[in-house]
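With the working numbering, the residue at position 197 of the sequence shown is 197, and numbering never jumps.
We put the beta carbon where it would ideally sit given N, CA and C, even for glycine.
Computed from a predicted model, the values in this text were never measured in an experiment.
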Amino acid sequence: MTGDIRTLLARHLPDYRVRSIRRLGHGLDNLVYEVNDELLVRRSKAADPETNRQEVALLAAVRELSPLPVPEVVFADDESGVIAYRKLPGEPLDQHPVSVPERLAEPLGGLLSALHGLAPSELRDLAPLDVYPAPTLLQDAELDYRDVQGHVPESQRPLVERFLRETPPDEPRSLRFCHNDLGAEHILVDTATNSITGIIDWTDAAITDPAHDFALIYRDLGPEVFALTLSHYDLTLDDQDRARVLFYARCALIEDLAYGLSTGPRHYADAALTHLPWTFA
């Protein structure tokens, strides 16, 4: 596979000298390689030229919109489902926690103000509509929980099981442009300065419920950072919106726990268990 990456680099960057290629990681849909510690090459497991072109165009739009750094595309090869980006500085927050997470709240609030403040019609052709009914999410969470129940500390199981018996919240009244996967693994940070250096992985960006973006901040950084982020948010979240934030956070935590205990990296499960008390309290 690294041979294929070398071939693509030679085709699109003929004067670029490749000194090293290493596989950096993988997700459900993509493989990621690091080249010379300065480029990231993401290859889709199921290449779709139109999807590739759309993502490149979306990233260009997001770079104009976002107050935080986002990946800059160096080249794209639509037929092979490859996009190469300049590597942003910093480390993923999920594996490199900062000592003062409260300092992340203001830039996150600014980011979400910019994304959610955009009229969805402006990105209608680039960002898909993503509406997943709350009752279906709750059913999915219940199925995932059956698979992982034995890994949840016995003292914390009642918290999860009470949630799974509750009535899901009402559907959102309006949809906005969202990152739609703003977990700690997609927030790059400088741990020395407690600052955000970039927001990555916009493949799930969509027109959807803005509570989804806040939900992963709540799950991964806790209710205090969530509240501080809201204080720097230019739009309004009412009580119904906040109920959906908590609902999505809990569903997402159960999903991550199941993922980390099955096909995904174990640290997803470890983080889910660590964050369970504040997410379900």
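Quick check on Glu255: buried or exposed, where buried means 16 or more other Cβ atoms within 10 Å of its Cβ? By the 10 Å Cβ count, Glu255 comes out buried.
| field | With 16 other Cβ atoms within 10 Å as the buried cut-off, status of Val100 | value | Looking at its Cβ environment, which holds fewer than 16 other Cβ atoms inside 10 Å, Val100 is exposed.
Please report the residue range of the alpha helix (DSSP H) in which Thr274 lies. Note, Thr274: alpha helix (DSSP H), 266 to 280.
Margin query: Classify Asp209: buried if its beta carbon has 16 or more other beta carbons within 10 angstroms, exposed otherwise.
Written below: That one is buried.
In the DSSP output, which residue or residues are listed as bridge partners for Arg19? Arg19 has no beta-bridge partner at all, per DSSP.
Alpha-carbon spacing of Asp144 relative to Ile199, whole angstroms: Looking at the two C-alpha atoms, the distance is approximately 28 Å.
Delimiting residues of the alpha helix (DSSP H) encompassing Ala76: No alpha helix (DSSP H) contains Ala76, which is instead part of the beta strand (DSSP E) from 73 to 77.
| query | So does the stretch 170 to 179 actually touch the stretch 83 to 102, counting three or more Cβ pairs closer than 8 Å? | reply | Too few Cβ pairs lie closer than 8 Å, so no.
Q. Between which two residues does the beta strand (DSSP E) carrying Asn36 extend?
A. Neither: Asn36 is in no beta strand (DSSP E) and is coded neither H nor E.
_Assuming Ser113 is part of the alpha helix (DSSP H), what are its boundary residues?_
For Ser113, the enclosing alpha helix (DSSP H) starts and ends at 105 to 117.
**Asked** Which residue from Ala281, Pro135, Trp278, Asp270 puts its Cα closest to that of Gln95?
**Response** Taking only the C-alpha atoms, the option nearest Gln95 is Asp270.
- Message: With three or more beta-carbon pairs closer than 8 Å as the criterion, would you say the stretch 206 to 222 touches the stretch 239 to 254?
- Response: By the Cβ test, the stretch 206 to 222 is in contact with the stretch 239 to 254, since at least three Cβ pairs between them sit closer than 8 Å.
Alpha carbon to alpha carbon, how far is Asn52 from Val45? Give it in angstroms, no decimals. According to the sequence displayed, residue 45 carries Lys and not Val. Distance between the alpha carbons of Lys45 and Asn52 is about 12 Å.
Requested in this report: Using the Cα positions of Val74 and Pro92, report the straight-line distance between them to the nearest angstrom.
Outcome: Straight-line Cα distance between these residues: approximately 21 Å.
Give the DSSP bridge partners of Asn30, in chain order.
-> For Asn30, DSSP records a beta bridge to Ser44.
* To do: Determine which residues share a DSSP beta bridge with Ser262 and list them.
  => Paired residue(s): none; Ser262 is not in a bridge.
Give me the DSSP bridge partner(s) of Thr208.
Per DSSP, Arg176.
Local Cβ density within 10 Å of Arg19, reported as buried at 16 or more and exposed below that
So Arg19 counts as exposed.
message: Taking the beta carbon of Val62 as the centre, do at least 16 other beta carbons fall within 10 Å, making it buried, or is it exposed?
response: Burial call: buried.
Review point. Between Asp29 and the rest of its own chain, which residues show a CB-CB distance below 8 Å, the 5 nearest in sequence each way excluded?
Key: If we look at Asp29 and ignore the five residues flanking it on each side, its Cβ neighbours are Ser44, Lys45, Ala46, Thr203.
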